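To keep things clear, I will list the structure first and then write my remarks on it.
Protein chains: 2
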Amino acid sequence: MHSKIIKRRELDFVLHELLDLQSLTRAPRFADHSRETFDAAIDTALQIATDKYAPHNRKGDTHEPHLDGGRVTLIPEVSHALKIFVDAGLLAATFDYADGGMQLPRCVANACWSLFKGANIATDTYATLTIGVANMLKAFGNAEQKQRYLEPLLAGRYFGTMVLTEPQAGSSLAEIQTSATPRDDGGYSIKGNKIFITAGDHELAENIVHLVLARIPNSPPGVKGISLFIVPKYRLAVAGPQPSPLPEGEGANDVALAGLIHKMGCKGTTSAMLNFGEHGECVGELLGEPNQGLACMFQMMNEARINVGLAASMLAMTGYLHSLDYARERVQGRATPDPRSPQVAIVHHADVRRMLLAQKSYAEGGFALCLYGAWLSDRHDVAETADERREARLLLDLLTPVIKAWCSIYGTAANSLALQIHGGYGYTREYAVEQFYRDNRLNSIHEGTDGIQALDLLGRKVMAEGGAGLELLGKEIAKTIAEARRLDDATLASHAQALEQAWSDLQLTTRVIAEALPHHPTLALANASVYLDAFGHTVVAWIWLRQAVIAQTRQHDSDTDFYRGKLAAARYFFAYELPKTAAQHTLLRSLEALNVELDDACL
Amino acid sequence: MHSKIIKRRELDFVLHELLDLQSLTRAPRFADHSRETFDAAIDTALQIATDKYAPHNRKGDTHEPHLDGGRVTLIPEVSHALKIFVDAGLLAATFDYADGGMQLPRCVANACWSLFKGANIATDTYATLTIGVANMLKAFGNAEQKQRYLEPLLAGRYFGTMVLTEPQAGSSLAEIQTSATPRDDGGYSIKGNKIFITAGDHELAENIVHLVLARIPNSPPGVKGISLFIVPKYRLAVAGPQPSPLPEGEGANDVALAGLIHKMGCKGTTSAMLNFGEHGECVGELLGEPNQGLACMFQMMNEARINVGLAASMLAMTGYLHSLDYARERVQGRATPDPRSPQVAIVHHADVRRMLLAQKSYAEGGFALCLYGAWLSDRHDVAETADERREARLLLDLLTPVIKAWCSIYGTAANSLALQIHGGYGYTREYAVEQFYRDNRLNSIHEGTDGIQALDLLGRKVMAEGGAGLELLGKEIAKTIAEARRLDDATLASHAQALEQAWSDLQLTTRVIAEALPHHPTLALANASVYLDAFGHTVVAWIWLRQAVIAQTRQHDSDTDFYRGKLAAARYFFAYELPKTAAQHTLLRSLEALNVELDDACL
């Protein structure tokens, strides 16, 4: 099957050759699973993504959700596709058998979910948020909350949202003003205005479970005084064994849709302004402990950040495959200056190949990194020792901002190249690539902008626990370098050498910044975005060397073209991309103060 | 007046401090002009751009041209704005007094026109194409053609287009198949299908003058057999002193609108598929000599390429000013970790400043480079000696692909940063920046893609006349380096040192490639896009050093903030941007063969 979402072979490669799935299936949690069950899940997902998601991707873009007498109307394909997704068990893929789930490893589930992101990110988002909310209920809900909300969420009867942002509190969640006043019945009256609420309103489900950040009166200022609340669109009838939403008249919480936001891309996903409790009663219940809301929400945000990286990489992947097909079909120009010589497909032009290899290196490099992140999450969950668990956590914590931001930046860059390969046609709405480019641009913004990720990486993650994460990553990289050198291949040896140098550069840069940080924190963090870029390129170079080692070893056995493609993309990344980091390290080590010292009156 | 299109001070700086306008006004052609007449033209243009162009920029995006009973309908603001533009004399700004023009230098006219590009590129494009066609008539038309077409074009009664692309002939104009068969009356029957014809149909004018590339039967193959034709939408009544379009029934040429193309941006400008002579007679007349069509058209294309660079830089400029205003207004986050400390405007955050300075350096650097290109064009036109004329031509030829592609790439990058500074708001259609980003993305595609510009630069312009252009540019750069060193300022001396190194690197790289070119042309040109990027960054670094030299000298006299802003942007470019070229030179000198040797089956 020729898929324009992702090559099936690519999925197999990352899951079964790059990642050590064996180490997972040995764990009791995954003992029932095998290559066969994984393949079955992925085959199903690829079929649904291809047949039910991709076909309405453009329609969702041109037919935005709209308000119709106070109700949000979506094209019917969205509901239809999501129902099939739920029915196939994909919503509950990682949940326990006891919850009705498939108990799949997260890396396999992410591989499945990635297909929907590549096929139709706007429709996928409704499901992704619902999975996130279900995970939150599972982690922090009490037994009653699980019964009331988790079951219908996993059954796809309720959908979920995360409600953080307020007009005055975007990147700075410390500013949240929405209030949660205790009621006599143990609930809370929620009151406040929220904005940019993805999937904030729709008629896709019986109910919408909003997870809302708000302040209980007299809480500490800043992020230490934020709590998390479950606020259903329709309150539940609590009596009886099967709680269900009250009829609309009596059960509606005062969650008023103040308007839909019209975006540049991802148009098929509603983005809403919601007013809670402005004109009537809006009742929520506390999830987790008071004032621990942000800490709880970070579980969902970290998961969302991996999802963003994965979506960005998958949009890059499908853009790559679309432009590859176009480059093979579009005949233009010649191999020789003689105008009588035959024209050739543009895939034969060096500059088009550069743009294809760049996309391949960004898309496949990012995709593998995202699934590695999910694999670390599995390793954390099934670790047999505290050390193993800690190591998996440290590595995942360190890599999360990189996965989120690097994949977003380079995924969008990949889509720009896909558009460029299509020439004038790529700029028209007759071709898919311009939508990928618009859709992908969101990923550098939501769930924490690139700049926020960079501060998180350099200010927190790299420095955490005495740099333990960085040290662990260094060990992993050193392993790969040693493996590459053992192969006795000049190209791979040269890649290994370049990676060793880049890693050493990164360590030195990190030391310089770490020394400045206690005394001059603003200055030390002033170029965090440059640091994240260099860090990301180094990590992705490592991911490419890992892939190249496998490809070099196996290229003569079978799938020769596939493995040679891996080697070509690795060579591209080491020749064209990794060398960019050298100048970044020079800048970073100089602790360039321009942006700190600048008097903005001169701008 | 606070303009979000461009700072008035910026225009004055480039025209009167950076460029040597005195050397132009000494020429007889411009003898009537002075600072006062230039200022008057610019003031008028800024007023019209602000009042009549900017206000409908978003409306043109959301109300695309549409077909209404075979007619193309635009929002009425477009016609109104263009009429005011014409009435102010701006269409004929550079034309002779005898033609009813203002006889303005091109660099001043471009400064005026830049304002309309920044305010509303979609509406501006109708005028820009008309100016281009008028220039073609002036250069290549016979007396009768000038009388019939040039006058009404300059009066804004006729509008113009350039009709090159066919479905199978985009980047490769050698493939053009549209035929031009001689008629008994001296005219030609035109027959063929054209696509992506900007402003290809509308009701803004009495007539549309299409300049069409086509082949006369039995012409040589390839680009040497292409001729250029004037094809009016309505044929003219030739009798009488004032030729005018024949009434629609009898006068219409068979130029059939086969459809409008729907684009990602620049939506307000029609882009049409046109079928010439498919069902009826379509009569054209030869412009210039047979088989010289492409050579003639290159005059218009070169002009269009400068215009593209200027549009890209101006979209970057207005995006910069929009995001600067936003950054000053938007309060978010703190200067200290204490949540009780007051929040600050985001312009105080280092990462936001990085994004502002990057935009400033791309926008103002590109803008100055474009006006320098227009100034070279003026120098060419009024040169007193053949040597002066040759030098101006060589420099302009060399810089044209850089102006076109570099400004497009970095202009769009600037708009991405403007969007990023706006956070979630920037991704919505409530703010202007997302449209700038979409509009600007076209500039890397039309009038020759970035890849085509790169081949033109490295394969033709750099190598032309034994590298004479490069040598001349080197002399200009050396002059600026010497000026910087004379100022005895450590920062400028360090910039000068860096530029000297970058220029030396570029020369060496060029020599390596020049040596390979005769023997391995495909390999030598394989990384032309990387070469253009390094070349562009080096040229723009030079433009910034020139600006910094002026700013350093004058910063204590007046306008201190303005000059300090120039010094800050120069420092940004030398610290963050120019160092990127080092890795590019390493790659280029290695004559990396990956993209040539690649077997695309492995992609």
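First to last, the protein sequences are chains Y and R. Note that our numbering gives residue 1521 to position 582 of the first sequence, counting from 1, and the numbers run on in steps of one. Note that our numbering gives residue 1101 to position 162 of the second sequence, counting from 1, and the numbers run on in steps of one. Note that beta-carbon positions come from the ideal geometry of N, C-alpha and C, so glycine has one too. Computed from a predicted model, the values in this text were never measured in an experiment.
For the set R/Gly999, R/Phe969 and R/Pro994, the Cα lying nearest the Cα of R/Ala1048 is the one of R/Phe969.
In terms of beta-carbon proximity, Y/Pro1457 stays away from the interface with chain R, with every pair separated by 8 angstroms or more. For Y/Thr1461, the chain R residues whose C-beta falls within less than 9 angstroms of its own C-beta are Ala1274 and Ala1289, listed in chain order. With a threshold of 16 other beta carbon atoms within 10 Å, R/Tyr1036 falls short and is exposed. Shown here, R/Lys1133 sits in a strand according to DSSP, grouped into three states. DSSP places Y/Leu1464 in the coil class of the three-state scheme, outside both helix and strand. Scanning the region 995 to 1031 of chain R from its first residue to its last, the whole alpha helix (DSSP H) runs of 4-plus residues come out as 996 to 1001 and 1015 to 1026.
Shown in chain order are the members of the region 1247 to 1274 of chain Y whose Cβ falls below 7 angstroms from a Cβ of chain R: Leu1263, Gln1271 and Gly1272. Residue R/Gly1305 holds the alpha-carbon nearest to the alpha-carbon of R/Ala1250 among R/Gly1305, R/Arg1273, R/Leu1226 and R/Gly1227. Taking a Cβ-Cβ threshold of 8 angstroms, the residues of chain R close to Y/Leu1296 are Leu1533, Asn1534, Leu1537 and Leu1542, in chain order. With a threshold of 8 angstroms between beta carbons, R/Val1286 makes contact with chain Y.
Restricted to the region 1261 to 1332 of chain Y, the beta strand (DSSP E) segments that are unbroken, complete and at least 3 residues in length are 1270 to 1273 and 1282 to 1284, listed in chain order.
Contact between R/Thr1257 and R/Tyr1065 fails: their C-beta atoms lie close to 19 angstroms from each other, not under 8 angstroms.
Secondary structure at Y/Arg1174: coil, using DSSP grouped into helix, strand and coil. Within the DSSP bridge table, the entry for R/Ala1153 names R/Ser1166 as partners. Of the candidates Y/Gly1139, Y/Ala1521, Y/Gly1204 and Y/Ala1423, Y/Gly1204 places its Cα closest to the Cα of Y/Arg1377. According to the DSSP secondary-structure assignment, R/Ser1497 is paired through a beta bridge with no residue. Close to Y/Pro1160, with beta-carbon spacing below 8 angstroms, are these residues of chain R in chain order: Pro1278 and Arg1279. Within the model, the alpha-carbon separation for R/Trp1442 versus R/Gln1523 is close to 13 angstroms. Secondary structure at Y/Lys1505: helix, using DSSP grouped into helix, strand and coil.
Contact residues of the region 1369 to 1380 of chain Y toward chain R are Glu1369, Glu1373, Tyr1376, Arg1377 and Arg1380 (C-beta to C-beta distance below 8 angstroms). In the DSSP assignment, Y/Ser1118 falls within the unbroken beta strand (DSSP E) covering Ser1118 to Pro1121.
Secondary structure note for Y/Ser1433: its alpha helix (DSSP H) is the uninterrupted segment Ala1429 to Ala1455.
Assigned with DSSP and collapsed to three states, R/Ala1138 falls in coil, not helix or strand.
Annotated three-state conformation of Y/Tyr1127 is strand, per DSSP.
At a Cβ-Cβ threshold of 8 angstroms, R/Leu1394 and R/Val1401 do not count as neighbours. In this structure, DSSP gives Y/Phe1215 an extended state, which the three-state scheme calls strand. Nearest Cα to R/Asn1192 within the set R/Arg1380, R/Ala1027, R/Ala1176 and R/Gly999: R/Ala1176.
For a Cβ distance threshold of 8 angstroms, nothing in chain R lies close to Y/Lys1172: the least Cβ distance comes to about 22 angstroms. Each of Y/Gly1139, Y/Leu1225 and Y/Gly1161 was checked against the Cα of Y/Asn1214, and the nearest Cα belongs to Y/Gly1139.
The beta carbon of Y/Thr1492 is closer than 8 angstroms to those of Leu1426 in its chain, skipping five residues each way along the sequence. Burial of R/Asn1146 is indicated by the presence of at least 16 other C-beta atoms within 10 angstroms of its C-beta.
The straight-line gap separating the alpha-carbon atoms of R/Leu1006 and R/Leu1199 is approximately 8 angstroms.
Only Ala1467, Ser1468 and Val1469 from the region 1467 to 1495 of chain Y bring a Cβ to less than 9 angstroms from some Cβ of chain R. Close to Y/Arg1510, with beta-carbon spacing below 8 angstroms, are these residues of chain R in chain order: Leu1533. Under the 8 angstroms Cβ criterion, the region 1519 to 1533 of chain R counts as touching the region 1473 to 1480 of chain R, having at least three qualifying pairs.
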